[in-house]
Amino acid sequence: MFIVTLLCNPDHGTLDPALTEAVRNAWGGGDVLWLSPDEAAEFAVPERPSNHEVVWKSCQAQGVDLAIQPAGNRRRKMLLADMDSTLIQQECIDELADMAGVGSEVAEITARAMNGELEFEAALRARVALLAGLPAGIIAEVLKDRITFMPGAAVLVATMKAQGAFAMLVSGGFTGFASVVAETLGFDAYRANTLEIRGGKLTGRVEKPILGRDAKVQTLREQALNLGIDTDDVLAVGDGANDLGMLALAGTGVALHAKPAVQQQCDLRINHGDLSALLFLQGHARSDFVTG
C-alpha cells in the first residue's frame, strides 16, 4: 500500500476537491482524508501508479504538489534540515556578497553549485575568497536586515519536537548564521562551516574541515546512531545538490523548492507548499500543528 498526498499553498490558491477525487478515482484509491480543508488531503492506493510522473506534472501546472510514499508509520523521529533556501528564504553568502559589491558574480556560482554543475567545496572557496576584507560585523547586519524565515519553518520544528523528534540544522553555510537560525527556530543542534576572521575582518577563507555533501550524510548517520534510531526514522529536507546524499539516505527525503537537477533525483518534491507540507507528508492534520 502507498499513501498519496496532495497539497497546495493556501496563499496562492486552493486544493480543488474535484481534482483530488479525480486522481483518487483514476488510481483506485481509498477514502479521501482531508488534513486541512482546501489545502491538503491524502488517500491510500494499492500500488505505486505507473503514470504518477505524468499526473505529478499535471498537478504542478495547477499549483498542486503530489507525493507518493509507502504506507505505514510516516512519523519521523528526527528532522535534519538544510538552512539556505530551505529554513530561510535567502542564500547567506549571496547576501554577504551583495553587500560587498560582488553579488552577481557570487550568485551565479551559487546557482551552479546548488544545481550540481560545480563541485561544492571548490565553489564555496571561490565565493568566500571574494568576501575578503569585509568587517565581521556584516554578518549581524545581514541577519537583521536581509534574512527571513521560510514560511512553515517554526511550526515544522515545534510540531515535530512536540511529537518527541530531535531537530538538527546542517548547513554548507556559516555558523554565524546557523547558530542564530537554529536557536530562533528551536533546533536541538546545528552544524555548519565557519568563516575565518582575523583582526575583525573576513579573511576570505573557510576554516577546515569544510562541511559539504559527504559531511551531511555523515551527520545523519552519526546523529541517528546517537539517538538509537534508524536512518529510516529521519526526515531530511534541502534544495541543493549537496543535499542529495542525505535526502537519499533518510527515510523521508524532501526536495523543497529545489534546483532542477536535484528534483530529477528525488521522489518527494515540494514546489508549491511551504515547510508545513512536511507535516502533511507525515499524516499530520493542520489541527495537530503546534504554533506560538
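Counting from 14, one number per residue, gives the positions in the sequence shown under this note's numbering. We treat Cβ as the ideally placed atom computed from N, Cα and C, and that holds for glycine. Remember, it's a predicted structure, so these values are computed and weren't measured experimentally.
Identity of the residue in the options nearest residue i by Cα
i    : options                   : result
G26  : A228, G217, G251 and V77  : V77
A205 : T216, T265 and D97        : D97
A57  : T207, A290, L281 and T18  : T18
A171 : T188, T197, L156 and A142 : T197
Q231 : A84, A263, V219 and A31   : A263
C21  : N284, V303 and T304       : N284
A249 : R211, G286, S184 and G199 : S184
A110 : A135, I152, G129 and E130 : I152
A74  : L28, T123 and L215        : L28
F162 : I101, A31, A84 and H65    : I101
Nearest-angstrom Cα separation, counted from residue j out to residue i
i    : j    : result
K229 : G217 : 23 Å
V194 : H297 : 24 Å
L4   : E52  : Residue 4 lies beyond the range of the chain shown here (14 to 305); nothing can be said about it.
P327 : V67  : The question about residue 327 has no answer here: the residues shown for the chain are numbered 14 through 305.
F15  : E108 : 42 Å
M127 : R138 : 14 Å
E316 : S71  : Nothing about residue 316 can be read from this structure; the chain reaches only from 14 to 305.
G114 : Q103 : 17 Å
P59  : G41  : 8 Å
K157 : D201 : 22 Å
V267 : I160 : 22 Å
G116 : R125 : 14 Å
Integer Cβ distance of residue i from residue j, believed to fall under 8 Å
i    : j    : result
A251 : D95  : Note on identity: in this sequence residue 251 is Gly, with Ala being the wrong assignment. Going by Cβ atoms, the distance from G251 to D95 rounds to 4 Å, so yes, they are a contact pair.
K90  : D246 : 4 Å
Task: contact_flag[the region 143 to 157, the region 271 to 281] where n(CB pairs < 8 Å) is 3 or more - done: no
- [ ] Please determine if the region 43 to 55 and the region 252 to 265 are in contact, where contact requires at least 3 C-beta pairs separated by less than 8 Å.
- [x] no
Open item on the list: Between the region 283 to 292 and the region 153 to 172, can you find at least three pairs of beta-carbon atoms closer than 8 Å?
Closed with: yes
- [ ] Would you be able to state if there are at least three C-beta pairs under 8 Å between the region 220 to 238 and the region 173 to 189?
- [x] yes
Task: beta strand (DSSP E) runs wholly inside the region 184 to 266, at least 3 long, in chain order - done: 202 to 206, 208 to 211, 214 to 219 and 247 to 251
Task: Within the region 158 to 187, ranges of the beta strand (DSSP E) (whole runs, at least 3 residues) - done: 179 to 187
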